[in-house]
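There are 2 protein chains.
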Amino acid sequence: MQGKAERMFPGQGETLSRLWRSRQLEYTWLRALMNQYADFWQVTREALIYACRSLGLGCEVTHQDELMQEYLHLQTYPDVTVGLEALLGQRLAILSNGSPRMLEAVVEHAGLTRTFATLMSVDTVRTYKPSPTVYQLAVEALELEKSEIGFVSSNYWDVAGAAAFGFPAFWLNRTKAPPDELGTAPEATITGLRELTDLFGRRGAR
Amino acid sequence: MQGKAERMFPGQGETLSRLWRSRQLEYTWLRALMNQYADFWQVTREALIYACRSLGLGCEVTHQDELMQEYLHLQTYPDVTVGLEALLGQRLAILSNGSPRMLEAVVEHAGLTRTFATLMSVDTVRTYKPSPTVYQLAVEALELEKSEIGFVSSNYWDVAGAAAFGFPAFWLNRTKAPPDELGTAPEATITGLRELTDLFGRRGAR
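Chains as they are written, first to last, in this note's numbering: chain A, 277 to 482; chain B, 277 to 482.
Right, dumping it as structure tokens:
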């Protein structure tokens with residue numbers, strides 16, 4: 277993401293990527309609160325348009341299209357493949373802000389199509405995390421109790437939302453980020469997906 | 277705000293103030309979405325705790341208390357007093373994320389107690405802007421139609437929320453900030469409160 281942005285706008289790649297990402301999240305929260313849902317593809321593009329405008333970068337539609345493509349080909353972290361393989365005795369699912377098309381493209385690009393039993397997109401309920409409506413989607417799709425679903429995210433706010441909803445929630449903190457202050461706490465903090473094997477085994481999650 | 281932070285943590289005042297403010301807003305949106313309301317005083321302190329932790333600043337409770345006091349004594353911009361005086365033929369009200377105590381303290385400190393007919397806090401409905409529930413509070417308290425209430429904010433996202441709700445909404449853009457991309461637009465953009473006299477006069481708002 278940052279690499280392509282840097283080649284396109286030398287010296288501004290990191291700033292653009294950060295602002296784009298932060299606005300992307302903010303726009304999901306704001307649109308969810310305003311009851312003005314637009315799908316993640318649209319919100320992502322709108323955040324990019326804002327970020328470019330804010331930095332004075334001429335970001336034509338062709339530039340936007342090229343940067344947006346990155347969201348269909350996200351790279352996985354090194355711990356992902358081995359971490360997920362170790363969990364294959366469990367039912368694995370994704371619950372994502374991404375639109376169905378984005379989600380399918382990313383999973384396919386990462387070679388994880390057969391790893392996940394279910395891909396769930398907020399698009400079904402037309403709102404965004406951390407609304408309880410989104411987490412409820414997983415309860416219904418998986419036909420499990422809240423307490424039987426182990427929820428993992430690298431975003432602290434997403435973990436906080438899942439914990440407030442009632443999931444056993446695990447914060448994947450790869451970067452030693454400080455926790456947010458949102459009134460709820462994860463059940464445990466891990467630094468890589470491999471650590472889940474022990475945690476989920478102990479809980480007997482399905 | 278920034279001045280006191282700078283004296284307390286030399287060289288970090290601006291960074292701390294910015295991070296504090298951005299987290300403060302984010303926490304309101306997240307808590308509103310999670311249905312985990314805590315009042316603005318608490319959220320503001322939690323955002324400060326996060327910001328200090330994130331920057332590695334030892335922010336004891338006494339430091340927190342001192343910085344928090346700033347939120348009870350916010351300075352008004354130079355256009356405020358004269359701009360509001362010019363509007364005194366209208367009913368003026370405040371609709372704020374602030375808790376009632378914060379709101380009363382700020383208005384009193386600014387010498388505006390007799391200027392506003394009504395001070396409305398989101399605390400009544402226990403959620404945050406830009407939830408439609410908050411804007412509805414004004415409709416009920418003022419006993420006016422949406423179309424009769426001119427809504428003004430310097431936060432673009434707040435204006436977008438008000439416009440989506442149905443208020444004629446005006447963006448007070450003092451700093452030439454770029455507009456956000458949230459699918460709604462203000463009725464007009466102004467650079468100081470004085471410009472409202474013409475706009476509201478023309479609309480016949482009450």
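We put the beta carbon where it would ideally sit given N, CA and C, even for glycine.
Predicted, not measured: the structure shown is a model, and the values here were computed from it.
- Interface annotation, residue 360 of chain B: not in contact with chain A, CB-CB separation never under 8 Å.
- In the three-state DSSP reduction, residue 371 of chain A falls in the strand class (E or B).
- Here residue 476 of chain B carries a helix assignment [DSSP, helix/strand/coil].
- Taking every protein chain shown into account, the CB of residue 393 of chain B has fewer than 16 other CB atoms within 10 angstroms, so this residue is exposed.
- Residues 381, 382 and 385 of the same chain have their beta carbon placed closer than 8 Å to that of residue 349 of chain A, with the five preceding and five following residues left out of the count.
- Bridge partners of residue 465 of chain B according to DSSP: B:447.
- When DSSP reads this structure, residue 395 of chain A sits in a beta bridge with A:370.
- Contacts with chain A (Cβ-Cβ distance below 9 Å) from the region 455-477 of chain B involve 455, 456, 457, 458, 459 and 460, listed in chain order.
- Per DSSP, the beta-bridge partners of residue 428 of chain A are A:446.
- Within 9 Å of the CB of residue 325 of chain B, the CB atoms of chain A belong to 457, in sequence order along the chain.
- If you ignore the 5 residues before and after residue 415 of chain A, its C-beta comes within less than 8 Å of the C-beta of 421, 422 and 425, all in its own chain and listed in chain order.
- Nearest CB-CB separation between residue 396 of chain A and chain B: not below the 8 Å threshold.
- DSSP places residue 407 of chain A outside both helix and strand once states are collapsed to three, so it counts as coil.
- Classified as exposed, residue 286 of chain A has fewer than 16 neighbouring CB atoms from the shown chains inside 10 Å of its CB.
- Just measuring C-alpha positions, the residue of B:306, B:340, B:320 and B:316 sitting nearest residue 280 of chain B is B:340.
- The C-beta of residue 431 of chain B comes no closer than 8 Å to any C-beta of chain A.
- Counting only Cβ-Cβ distances below 8 Å, residue 371 of chain B has no contacts in chain A at all, with the closest Cβ about 15 Å away.
- When 7 Å is used as the limit between beta carbons, residue 353 of chain B is near no residue of chain A, the shortest such separation being about 22 Å.
- Distance from the CA atom of residue 466 of chain B to the CA atom of residue 437 of chain B, rounded to whole angstroms, is 17 Å.
- Contact of residue 408 of chain A with chain B by beta-carbon distance below 9 Å involves 309, 310 and 311.
- Interface residue (Cβ-Cβ distance to chain A less than 8 Å): residue 293 of chain B is not classified as such.
- Taking 8 Å as the upper bound on Cβ-Cβ separation, chain A lies near residues 329 and 330 of the region 329-347 of chain B.
- Secondary structure at residue 337 of chain B: helix, using DSSP grouped into helix, strand and coil.
- Collapsing the DSSP output to three states places residue 365 of chain B in coil.
- Of the residues B:454, B:303, B:443 and B:418, the one whose Cα lies closest to the Cα of residue 432 of chain B is B:454.
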